[in-house]
Structures are given as structure tokens and as C-alpha cells.
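Visitor: Sequential numbering from 4 applies to the sequence shown in this note's numbering.
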Amino acid sequence: MTLNFAQLRAFLAVVDEGGFGAAADALGVTQSAVSHAVASLERTLGHPVLARRGRSTPTAFGEEVLAHARAAVTASAAIADLAERRRGGVRGTIRLAAPPTVCQGLLPGLLARWATAFPQVRIRVFEGEDDEVAEWLAGGTVEAAVLVDPQPGPGAQIGQDAFHALLRTDHPLAGESRISVADLGDDPFLLSHGGCERHVRQAHAGHPFTPRHRVRELGTLLAMVRAGIGVSLVPGLVASMLPPDLVMLPLREQVVRTLVLSGPAGREWHPAVTALVDSVRGAAAGEPVRL
């Protein structure tokens, strides 16, 4: 039995992108080439690895193969990139996962900086909630991630993001310089039950807290506050996408999330991930962003 990395890359691309056409675009080859590579892998293994009804998903056997395929392809890419780095360059494709507010508030600036510093590194961004991002990194779906409040490790801190009250500009408290969550006790509260829920509940410690509505998407939360349905607490990075009829106010109850760029724990990092993290750690500013 002889496997090759082209077969494994095609299989992983179809799984990650959700189809043969998207996988072809991601790999920069034709859809026919992807189909042939996956078919060749299945002939070599003697079992189907993909179910082809609707969105292409792994078969039960494919699920067993998946982690090994990721490890093999990642190791192959890392070896090639180590050799390239020894020649003085860093190259490769890095899948980077981050929460939505980080994707909108911090990543654009970082991506622009990295594009200049590492022109041979291609970064593909994957947006997910805090727990999803951590799972993708641990499972090998991505090579790097911006983690929220991780355990101490080798990553680089890229920001400390304080939570703020989110109100309409015509709210009676909108002109205050700082407020307490107790000041919002008479307002219906909109709770984002994504990664921010833990921090929101921490801010309300010692205060009555009965959310009126629970929402997941940030866009939905902003729209509901704009409509006067209630108020909320959000990370400081939301300021970069705030519409003009909403305002964010600092809280007297200091609740801060720490944002860390990291590779996977317990596994060798792709050399390009190491370079990205080192660039953040050694940035001229020298201090993490505080919002």
C-alpha cells in the first residue's frame, strides 16, 4: 500500500471546505484533480473515506483516517518549511482561527503586517466562538488560533480586552463616563451566549441577573440594542464595528479577557506559526493592545 501526500491533502481539503469545488479552489488545482486524488486514496485504502451525498462528509472510516491524515500532512509541510527557513525564508499556508470580534477588530491590522513581513506565508482565517476555536486548534483543523484566557503557554499575548456596557445613544446613561452593571438593573438584558457569557456573568457577580433574551450572533445583538429591546455587555473590540446610534461605556466592574496567539499545545508548531508568534512577541510597540 502506497499513500501520497497529494491524496491526503485532497481528502483534508474536501472535508475542511465542504465540497470538491471549494477544495479545488483552496488547493489551486482543478476539481477533477481533487476527485481523482480522493478516488485514488479510496482505492489504495480499499474503503470509501467520503460520503458524497450533499455536503461531502467523512465516512465512519474516513473519520478514523482524518486525524492521521492531518498529522502526516502537517508534518510533511513542517519539514519542507524548516528547510525553507534554513535557507532564510518562511513560507506555507496557515489556517488561523479566532473569535468574531478578534477577526474584525484585531486581525485586519495583523494580517496587513504579516503580509509585509512574511510574503510567502498565506493565512486563511476561520471564524468561530471561543470554544470552537480551541477545539479546532487542539484537533488539528487549524495550525494557529487566537485563544481567550488560555492556560499559560508559549503563545504571544496580542491584547487585553475589557468589557463595556452597550447602550443606545438616547439611553439616560449614555452620557456617563463609567457605569456599574447595577445601573442597568431596570433594563432588559440581552445575553450573548457565545464565548462572552462567562465574562458577562462574572461582571454581574453579586448583582441580580436575569437575561431577557439570549442571542448568539453579534449582528443580532447590535440590531436588538439599536431597536431598543434591551442593553448588553460586550468586549471592547466591538467598538470597531459600532453603528453611530450605539455607545459603549466602561464598567466599574473590571472584567477583562486576555487574547493570545498560539499554536497547538503538545505538538510541534508549523515553522510559519512560530514566526508569526515571534513577530507579535517582538513587535516594536512591546506592549499588548489594551481596549
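For each residue, glycine too, the CB sits at the ideal point set by N, CA and C.
Starting from A1 and walking both ways along the alpha helix (DSSP H), at which residues does that stretch end?
Guide: This structure cannot speak to residue 1, because the chain is shown only from 4 to 294.
Visitor: Can you list, in chain order, the residues of its chain with a C-beta nearer than 7 Å to that of F192? Leave out the 5 residues immediately preceding and following it.
Guide: Counting only Cβ-Cβ distances below 7 Å, and skipping sequence neighbours, we find P214, R215, G233, V234, S235.
Visitor: Who are the near neighbours of G22 in its chain, counting only those whose CB is closer than 8 Å to its CB and skipping five residues on each side?
Guide: Cβ within range, chain order: R58, S59.
Visitor: Classify P3 as buried or exposed, calling it buried when 16 or more other Cβ atoms lie within 10 Å of its own Cβ.
Guide: No answer is possible for residue 3: the residues shown for the chain start at 4 and end at 294.
Visitor: Is it true that the CB of V136 sits closer than 9 Å to the CB of V124?
Guide: No, Cβ-Cβ distance for V124 and V136 is not below 9 Å.
Visitor: Return the Cβ separation of Q10 and A40 in integer angstroms, given the expectation that the two are a contact with Cβ distance under 8 Å.
Guide: Rounded, the Cβ-Cβ distance is 5 Å, consistent with contact.
Visitor: Among P247, A177, A115, G143, which residue has its Cα nearest to the Cα of L254?
Guide: Minimum Cα distance to L254 is reached at A177.
Visitor: Rounded to whole angstroms, what's the CA-CA distance from V105 to G49? Just pull it up for me.
Guide: Approximately 43 Å between the Cα atoms of the pair.
Visitor: For the alpha helix (DSSP H) that Q107 lies in, which residues bound it at each end?
Guide: Q107 -> alpha helix (DSSP H) spans 103 to 108.
Visitor: Run the CB neighbour count on R26, radius 10 Å, all protein chains shown included, and call it buried at 16 or more, exposed below.
Guide: The identity of residue 26 in the sequence shown is Ala, whereas the question assumes Arg. By the 10 Å Cβ count, A26 comes out buried.
Visitor: Spell out the partners DSSP gives T60 in its beta bridges.
Guide: Answer is A54.
Visitor: Using the Cα positions of R217 and S38, report the straight-line distance between them to the nearest angstrom.
Guide: Cα-Cα distance, rounded: 43 Å.
Visitor: For T172, which three-state DSSP category applies?
Guide: T172: coil per DSSP, three-state reduction.
Visitor: Enumerate, from N- to C-terminal direction, the unbroken beta strand (DSSP E) stretches of 3 or more residues contained entirely within the region 228 to 292.
Guide: Those beta strand (DSSP E) runs which fall completely within the region 228 to 292 and span 3+ residues are 235 to 238, 249 to 253, 259 to 265.
Visitor: Exposed or buried, T172, counting other C-beta atoms within 10 Å across all chains shown (16 or more means buried)?
Guide: That one is exposed.
Visitor: Rounded to a whole number of angstroms, what is the C-alpha to C-alpha distance between G65 and G143?
Guide: Cα to Cα, G65 sits roughly 15 Å from G143.
Visitor: Determine the direct distance from the alpha carbon of T223 to that of N7, and round the result to whole angstroms.
Guide: When rounded, the distance between both Cα atoms is 45 Å.
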